[in-house]
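Undergrad:
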Amino acid sequence: MAEQVLDERIHTSLKHLMRLKHHAHGFSFLPKQPIKSVLMGRKRSTIRGRGLDFFELRDYRPGDDIRSMDWRVTNRMRKPYVRIYAEEKDRPVMIVVDQRRGMFFGSQWKMKSVIAAELAALTAWKALDDGDRIGFILLGDERYVECPPTRSRAKIQQYMALIAKFNQKLHSSNKQLKQNLSMPELLTKVEKLITHDYLVIVISDFIDRQDNVLGSLSKISQHNDIIVYYVFDSIEHDISNLAGMVVGDGEYQMQVAQQKDDIVDGYNAFTQEALTNIKQTFNKHNIPMLFFSTEEEVASQIRHHLGAA
Numbered sequence: 319m320a321e322q323v324l325d326e327r328i329h330t331s332l333k334h335l336m337r338l339k340h341h342a343h344g345f346s347f348l349p350k351q352p353i354k355s356v357l358m359g360r361k362r363s364t365i366r367g368r369g370l371d372f373f374e375l376r377d378y379r380p381g382d383d384i385r386s387m388d389w390r391v392t393n394r395m396r397k398p399y400v401r402i403y404a405e406e407k408d409r410p411v412m413i414v415v416d417q418r419r420g421m422f423f424g425s426q427w428k429m430k431s432v433i434a435a436e437l438a439a440l441t442a443w444k445a446l447d448d449g450d451r452i453g454f455i456l457l458g459d460e461r462y463v464e465c466p467p468t469r470s471r472a473k474i475q476q477y478m479a480l481i482a483k484f485n486q487k488l489h490s491s492n493k494q495l496k497q498n499l500s501m502p503e504l505l506t507k508v509e510k511l512i513t514h515d516y517l518v519i520v521i522s523d524f525i526d527r528q529d530n531v532l533g534s535l536s537k538i539s540q541h542n543d544i545i546v547y548y549v550f551d552s553i554e555h556d557i558s559n560l561a562g563m564v565v566g567d568g569e570y571q572m573q574v575a576q577q578k579d580d581i582v583d584g585y586n587a588f589t590q591e592a593l594t595n596i597k598q599t600f601n602k603h604n605i606p607m608l609f610f611s612t613e614e615e616v617a618s619q620i621r622h623h624l625g626a627a
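Quick note on the working numbering: the sequence shown kicks off at 319 and runs consecutively.
This is the structure in C-alpha cells:
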C-alpha cells in the first residue's frame with residue numbers, strides 16, 4: 319500500500335520531524351546567552367550543563383583532592399588554594415505540545431499545529447545533542463499522553479511518531495468533537511509530574527484563560543526553568559486585511575464582507591491589549607515568552623530568539 323502523501327503545510331509526518339534534527343543548531347537553552355537572546359540576563363539557573371563546571375576557588379581543607387590544587391594562586395597567596403567544580407548534573411527537558419482543535423488554523427503558510435510540532439522536534443533534537451533527557455506531554459482534544467524523559471534515540475523516534483499521529487488527527491471535520499481537555503487542567507497534572515531542575519517548554523496558542531494557565535506555570539517555575547513558545551497567526555491580531563478573503567473549513571467556503579473601520583479597530587485593539595497583558599504577566603513571573611509565526615520557517619525563528627551559538 320502506497321504511503322499517504324501529506325501536505326506538510328497542513329499536517330506533519332514522522333519523516334519530516336526526523337529530518338529536522340539536521341536543522342537543530344545555532345541556538346541554545348543555557349543560561350549564558352548571546353546578547354540578542356531573550357534569555358540573556360535571566361537569573362543564573364540552578365540547572366547546570368553536562369560536564370564539570372568551575373564553581374569557586376577556596377582555601378585548602380583537609381581531605382581535599384591534591385589534584386584540585388591551584389598552584390598559581392597558592393604560590394601567589396602563600397597558602398594552599400583548591401579549585402572547586404560543580405558535579406555533573408542531569409537535566410530533564412519536558413516539552414508540552416498543544417495539538418488541540420484550536421491549533422488547526424493558518425492563514426499564511428502553515429497551520430499553528432504544524433508549527434508547534436516542528437518546534438517540539440527542533441527543541442528535542444537540540445537538547446538531545448546537548449546530552450539532556452527529553453520527554454513530552456502531548457495534549458489533544460480528548461486525551462493527553464505522557465512520554466517520560468529519555469536519551470534513547472529510538473524512544474525519541476517513537477515520541478516523534480506520536481506527535482505526528484496527534485497532528486494528523488486534526489481535521490476540519492473534528493469540529494463536532496467536544497474539547498474535553500484544557501491547558502490549565504493539563505498543567506495541573508504537569509505540576510505533579512515535574513519535580514525540580516527541569517527545563518519545561520510549553521508550546522501553545524494559549525487561548526485558555528490566562529489566570530488559570532499562569533497559576534500552574536508560576537508554581538512549576540519555582541523549582542524549574544520554563545520557556546513559553548507562543549504560536550500565532552497574524553489574522554488573530556489584525557483583521558484589517560481580511561475583507562474579500564475566502565475562508566473555509568474543508569467543507570464550506572465563504573467570502574468575508576467588508577468590515578467597518580470601527581469594528582476592525584475595536585477587534586485589533588482588544589487582541590493587542592490581551593497580548594500585552596499576557597506578555598507582562600509572563601515577564602512578572604520571569605517566564606520568557608517567544609513568539610512563533612505561521613508565516614516563517616521555524617528553524618530561523620528559533621535561532622532569532624535564542625541566538626546564534
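All C-beta atoms in this analysis are idealised placements derived from N, C-alpha and C, irrespective of residue type, glycine included.
Assuming I328 and V415 form a contact by the criterion Cβ under 8 Å, report the distance between their Cβ atoms to the nearest whole angstrom.
TA: No, I328 and V415 are not in contact; Cβ-Cβ is about 17 Å, not under 8 Å.
Undergrad: Which whole-angstrom value is the C-beta distance of L457 and L504, which I expect to be below 8 Å?
TA: Rounded, the Cβ-Cβ distance is 5 Å, consistent with contact.
Undergrad: Report the three-state DSSP secondary structure of Y516 (helix, strand or coil).
TA: If DSSP states are grouped into helix, strand and coil, Y516 belongs with coil.
Undergrad: Let me check one thing: in DSSP terms, what residues is T468 bridge-paired to?
TA: Per DSSP, I452.
Undergrad: Between the Cα of H603 and the Cα atoms of V549, I553, D543, which residue gives the shortest distance?
TA: With distances taken between Cα atoms, H603 lies closest to D543.
Undergrad: Tell me the DSSP bridge mates of R401?
TA: Its beta-bridge partners are L375.
Undergrad: Among D388, L437, D383, which one has its Cα closest to the Cα of H623?
TA: When each option's Cα is compared against that of H623, the closest is L437.
Undergrad: How long is the line joining the alpha carbons of V463 and S618, rounded to whole angstroms?
TA: Whole-angstrom Cα-Cα distance: 29 Å.
Undergrad: Taking buried to mean at least 16 other C-beta atoms within 10 Å of its own C-beta, is W389 buried or exposed?
TA: With fewer than 16 other Cβ atoms within 10 Å, it is exposed.
Undergrad: Check W410 in the structure and name its three-state DSSP category.
TA: A quick correction: the sequence has Pro, not Trp, at residue 410. In this structure, P410 counts as strand in the three-state DSSP scheme.
Undergrad: Measuring alpha carbon to alpha carbon, tell me which of K487, I525, L535 ends up nearest K507.
TA: With distances taken between Cα atoms, K507 lies closest to L535.
Undergrad: Would you mind sorting F454 into buried or exposed? The rule is 16 or more other CB atoms within 10 Å of its CB.
TA: By the neighbour-count rule (16 or more Cβ atoms within 10 Å), F454 is buried.
Undergrad: Starting from the C-beta of R469, find all residues in its chain whose C-beta is less than 6 Å away, skip the five residues before and the five after it, and write them out in chain order.
TA: Counting only Cβ-Cβ distances below 6 Å, and skipping sequence neighbours, we find R451.
Undergrad: Quick one, are the C-beta atoms of M501 and F484 less than 9 Å apart?
TA: Taking 9 Å as the Cβ cut-off, M501 and F484 do not qualify as a contacting pair.
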